[in-house]
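Chain order of the listed sequences is S and U.
Each residue of the first sequence is one higher than the one before, starting from 1 at the first, in this note's numbering.
Each residue of the second sequence is one higher than the one before, starting from 1 at the first, in this note's numbering.
To keep things clear, I will list the structure first and then write my remarks on it.
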Amino acid sequence: MHKLFFSFSLVLLLFGCQNGSPEGADPSDQEESREITLYTHRHYDTDQAIFEAFEKESGIKVNVVNASADELIQKMESEGDQSPADLLITVDAGRLVRAKEKDLLQPIESEYLESTIPSNLQDPDNMWFAVTKRARVIVYDKDKVKPEQLSTYEALVEPQWKGKVLVRSSGNIYNQSLMASIIANVGEEQAEAWATGVVENFARPPKGNDRDQVKAIAFEEGEVAIINTYYLGRLLTSKDPEEVEAGEAVQVFFPNQEGRGAHINISGIGVAKYSPNKEDAIAFMEYLLSKEVQETFASANYEYPVNPEAESSELLRNWGSFKEDTLSLSKLGTLNKVAVTTFDKAGWQ
Amino acid sequence: MSKKKIFQYNFSRDFTPWLFYLKAMGIFFSLPILVIGISLFGEVGEMWSHIATYLLPQYLKNTTLLILGTSLLTVFLGVSSAWVVSRYEFRGRRTAEWLLFLPLAIPSYICAYAYVGIFGYGGSLGILGKSIGILIPPLDMMNLYGLIWVLSFSLFPYVYAASRASFLSNVASLRECATLLGANESRYFFTVALPLSQPAIVGGLFLVIMELLNDYGAAKYYGINTFTTGIFRTWTALEDFQSAIYLSALLVLLILLLKGLEKLQRGRKSFETQGRRAEGHVHMRISPKGWKNALCVLLAWTPIGFGFILPFFQLVRWAWLNVDIHAYWDVGSIAFQSFGLAFTTASLTLLFGLLLVYFSQWNPLKSFNFITKLATTGYIIPGAIIGIGLIGVSQYVVDFFDDTFQLKIGFLIYGSSFVLIYAYIVRFLALAYTPIGANSLKIGRQLAEASYLLGKKPLKTLRSIEIPLLKQTLYGVFFLTFIDTMKELPLTLLLKPYDVMTLAVKAFEYADDERVAEASIPALMLIGIVGTLLLLVNTKVLAEDKPSK
């Protein structure tokens, strides 16, 4: 009997040790050194390097929690007012809007952010701001397709593309945002008809990621694909010669230039409602939007900067400038769910 | 137990401390599951009718086909390879015997990417062909059949491990009897060895199905909508957590149905055998000649080739292409953290699994054993759902301390690995409980009862008789839990403190960002650690298998 008690207390002790040490160490640390906790869906090595540079410059330590935005939002919701999160970064506007709706963000005042970032790329209530931009474009087979054949996303339902359209599954957030923007522009009914038309023109059932769609064009499974620009950037700079070759087989086409412009999405950031270190968090946001950091995002990760002063990378400039859809990005969030159900009804897997 | 006793139920007489410990432990590990269960009583989510109309039929169809296909293939691969390495002596048997475990070291979603990297457009196979002047057309892996193939070759070791242990422990006298009665090899296999190993094989298959149902990455990449991808879609895209829980509950029902069928089929048969066990394996291994030898080699090495060697070489090629980009993260510390987490989890899970099995054996009130059942259902619930249930529980605890003692313990809960390790144990307890329970049945109660009669207490008996007899199983359990923790993704993503990083998470981050090639480096480190540990465990486990002079 004693031995059982002994073994149990041993187990308890084991647990005790594990949670004992952070309790003893961390609160005192908190008082001495400044730190911020970042919940982020972005996990690029570039980001890590930028955070480290910020730490050196400001003396504020950056703690990073990486997970998908949905999981992070759920986590913040459960943690409530004891959440350690100061900032939330997502890779799409929709999730920021959702966080805002769930009352997880707080408005901030920063003249720098408000004046630097174009108004459609920030929340009207100052709850979130864009950090980088991505465009979702059409790429086409250089050998088989002439750019004159292409015009808009909507035109992809034309019979000339039967069996030639490549795109990933509807579970992907970038497709959902594109659909949300189409619903915002033409209405739910027509958007569903569009999705049904695209499904009929599919070269194959949706699968793989954006890079795989480009490879499928290179290997002649289809002729046009909907992808994000920075994935093409990655392919073209890949260390695998086959991937570079696949990237070179296609050309970028910015759709809807005569009309509303090409669909763009953002990676954005907001201050958590219960942020313990609000001021440092705002300082961090301003750092991310500075010209130098914006140029790092552009050159290392092929994203478009949102600070108009920052220059985009050479590769991005080669694709040319384009007209953007200036639809308020909040719409992408509010229409996200409708977008998903529309995909389901159209049978877009 | 006589009828009289059942009717004159006397709780205070039958109550033992074991019951108390059992209940305490059982409830402690059932908490997240209870939370999920309670939320089932809430109203059905608003998107449910949409899901039922447009999505559910497809999820059911794909998941069923996936379970069927993968079950057939894993049982074939696992049982045939286990049989040849435990029954025959052929060239390369010893190497094959441990390499057959290694496919487990590659997370299945990485394996899925690797297969596309080999056979897909611009894949390694095509490049290899081009370099020697042969045009090898790309093979489309990204469909249901491809998914079944990839998952089977990456999960069959569960069946292999279980059936190998069972074949090795088959009593020598049974085999002698069969031979004396004129049964040839195949007859002995089909009428004696295979039926005797049924519980083990089914146990292994059960693990395969659980892993398969927890797979998210591979199915998502291949564009196959299954229950698990559906749960995530419902939760994240349709923003309906309630319906996501309902979907998980349906999944749990499906699994309980499968388990029930198996139990019905097994009936009340006993699988306890007595006689000489460990001695003389090697002397009794048959050395086949000619085509039979070739068949043995083929059966043992095909699963290794497709499950390990092929994806491994693809990972090495990717790592080779990306050799210089990893200046930023401290590889050593990530590997160390992964190892530490997995080691702690595996040890604790082993301990609690063992205690649960024996506490319920020592407790005469069998009606309370449902608590153990409940505590070991963690394995059939998708990791992400457990994670969310757990966040709910920890939030409750945090609030409780805040309200009652004005103690802010949020930092403690969210900032340490305590909750993460607890979550791992909840999820993997079945991995320990099931095999330990099965093998303790095989050992039987007679030795222990003799020990009690000689005046030894249950714990003393456990330590000096039962644990040594279970040694092989315990090593196996430790190893499986260790690997599964190393590979675990959804719980780790959700519950890990910011300063903790694991190899699996690092690999996932790259893969999720469409940088599969970069993911190869953490994946290879994971394989390295698992491989080393396997060699260590193997020298222990296989030691009993070596010829004694």
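The beta carbon of each residue, even a glycine, is placed where N, CA and C say it ideally should be.
Check	Outcome
Looking at PRO241/S and THR152/S, is the spacing between their C-beta atoms short of 8 Å?	no
Please give me, in chain order, every unbroken run of the alpha helix (DSSP H) with length at least 4 that falls completely inside the segment 210-275 of chain U.	217-222, 227-232, 241-266
Let's see if you can read the secondary structure: which residues bound the beta strand (DSSP E) around ASN143/U?	Where ASN143/U is concerned, there is no enclosing beta strand (DSSP E), given that its DSSP letter is neither H nor E.
Buried or exposed: GLN265/U, going by 16 or more other Cβ atoms within 10 Å of its Cβ?	exposed
Please give me, in chain order, every unbroken run of the alpha helix (DSSP H) with length at least 4 that falls completely inside the segment 39-84 of chain S.	45-58, 69-79
Return no unless some Cβ of chain U is closer than 8 Å to the Cβ of GLU136/S.	Sequence inspection shows Arg at residue 136/S; the Glu mentioned does not correspond to that position. Not closer than 8 Å to any Cβ of chain U, the Cβ of ARG136/S fails to qualify, so no.
So what's ARG445/U in DSSP terms, helix, strand or just coil?	coil
By DSSP, does LEU469/U sit in helix, in strand, or in coil?	helix
Using the Cβ count rule (16 or more neighbours within 10 Å means buried), how would you classify ALA278/U?	At ALA278/U the pLDDT is 47, less than 50, meaning the model places this residue with poor confidence and gives no usable figure here.
Which class does ALA262/S belong to by DSSP, given the choice of helix, strand or coil?	strand
Using a Cβ cut-off of 9 Å, which residues of the segment 190-219 of chain S contact any Cβ in chain U, in chain order?	ARG204, PRO205, PRO206, LYS207, GLY208, ASN209, ASP210, ARG211, ASP212, LYS215, ALA216, ALA218, PHE219
Alpha carbon to alpha carbon, how far is GLU221/S from ASP86/S?	46 Å
Could you work out which residues of chain U lie near ALA246/S, taking near to mean beta carbons separated by less than 8 Å?	TYR121, GLY122
Beta carbons nearer than 8 Å to chain U: which residues of the segment 234-264 of chain S have them?	ARG234, SER238, LYS239, ASP240, GLU242, GLU243, GLU245, ALA246
For ASN538/U, which of helix, strand or coil comes out of DSSP?	helix
Within 8 Å of any Cβ in chain U, is that where the Cβ of ILE163/S sits?	It is worth fixing the name first, because residue 163/S is Gly in this sequence and not Ile. No, GLY163/S lies away from the interface with chain U (no Cβ there is under 8 Å from its Cβ).
Could you say which of GLY347/S, GLN349/S, LYS337/S, PHE343/S lies nearest to GLU46/U if we only look at CA atoms?	LYS337/S
Does any residue of chain U bring its CB to less than 8 Å from the CB of ASN19/S?	Per-residue confidence for ASN19/S stands at a pLDDT of 39, beneath the threshold of 50, marking its modelled position as unreliable; no derived number is given.
On the criterion of 16 or more Cβ atoms from any shown chain inside 10 Å, does PHE101/U qualify as buried, or is it exposed?	buried
Where do the N-terminal and C-terminal ends of the beta strand (DSSP E) with ASN228/S fall, by residue?	224-228
Does SER287/U come out as helix, strand or coil in the three-state DSSP assignment?	coil
ASP344/S versus chain C: which residues are under 8 Å apart at the beta carbon?	No chain C is part of this structure, whose protein chains are labelled S and U.
Out of TRP98/U, ILE304/U, ALA430/U, LYS487/U, which one is the CA nearest neighbour of THR532/U?	TRP98/U
Going straight from the alpha carbon of LEU431/U to that of ALA423/U, what length do you get?	14 Å
Could you pull out every residue in the same chain whose Cβ sits closer than 6 Å to the Cβ of LEU327/S, ignoring the five residues on either side in sequence?	SER181, ALA184
In chain order, what residues of the same chain lie with their CB nearer than 7 Å to the CB of ARG94/U, ignoring the 5 residues before and after it?	none
Mapping the DSSP letters down to three states, classify ASP280/S as helix, strand or coil.	helix
Could you tell me the alpha carbon to alpha carbon distance between ALA172/U and ALA384/U, rounded to whole angstroms?	46 Å
What residues are listed by DSSP as bridge partners for PHE129/S?	GLN122/S, ILE269/S
Anything in chain S within Cβ reach of TYR222/U, meaning under 7 Å, just list it in chain order.	LYS207
How many angstroms separate the CA atom of ASP240/U from the CA atom of LEU56/U?	15 Å
How close, in whole Å, do the beta carbons of PHE153/U and PHE313/U come, if the pair is a contact with beta carbons under 8 Å?	Contact doesn't hold; Cβ gap of about 14 Å is too wide.
Is there at least one Cβ from chain U nearer than 8 Å to PRO305/S's Cβ?	no
Look at the Cβ atom of VAL150/U, then the Cβ atom of ALA183/U, and state whether they are nearer than 8 Å.	no
At 8 Å on the CB atoms, spell out the chain U contacts of VAL340/S, in chain order.	ARG233, ALA237, LEU238
With a CB to CB cut of under 8 Å and the five nearest residues on each side skipped, what residues in its chain are close to VAL505/U?	LEU489, THR492, LEU493, LYS496
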